[in-house]
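Participant: Residue numbers (this note's numbering): 47 to 162. C-beta atoms are modelled at their ideal positions from N, C-alpha and C, and glycine is treated no differently. Before I ask anything, let me first share the structure, which is written out below as structure tokens.
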Amino acid sequence: MRDFHKYQVWQRGHQFALDVYKQTKSFPKEELFGMTSQLRRASTSIPINIAEGCGRRSDAEFAHFLNIAAGSTSEVEEELLLSFDLEFMSKESYQKLDKEVKEIKAMLGALIETLH
């Protein structure tokens, strides 16, 4: 089994999820069970699935969970755009988080390729 702490993509995903939690603290209170919850869940899904994949025994299983994490990055991209368009975050905050999630997505893609 792999140690997820050693993967830079997990480290970046973990920090990204923390950043999303900080950003969503300022979202409207009526969005607590809406966009706030969705964005937090999708962002935490990234490092969680990387960690779960590391606990699997085969490269194929690891790749499966990395693919789930990659899917979560796409979900987060859309939720960030919606949050920005709904004026829940500044352009600067949106651009920073969007850039980070796209980099994580690229890292996941590269890691998945090494497993095939």
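Nearest-angstrom Cα distance between Gly117 and Trp56?
Facilitator: 15 angstroms
Participant: Take Ser91 and list the residues in its own chain whose beta-carbon comes closer than 6 angstroms to its own, dropping the five residues that flank it on each side.
Facilitator: Ser118
Participant: What separation, rounded to the nearest whole angstrom, lies between the Cα atoms of Leu157 and Arg48?
Facilitator: 13 angstroms
Participant: Assign Pro74 to one of three DSSP states: helix, strand, or coil.
Facilitator: coil
Participant: So, is Arg103 buried or exposed, given that buried needs 16 or more other C-beta atoms within 10 angstroms?
Facilitator: exposed
Participant: Alpha carbons only, please: which of Phe50, Cys100, Glu121 and Gly99 is nearest the one belonging to Ser83?
Facilitator: Residue Glu121 is the option with its Cα nearest to Ser83.
Participant: When you compare only the Cα positions, how much space is there between Leu132 and Ile150?
Facilitator: Going by the C-alpha atoms only, they are around 24 angstroms apart.
Participant: When burial is assigned at 16 or more other CB atoms within 10 Å of the CB, is Glu125 buried or exposed?
Facilitator: buried
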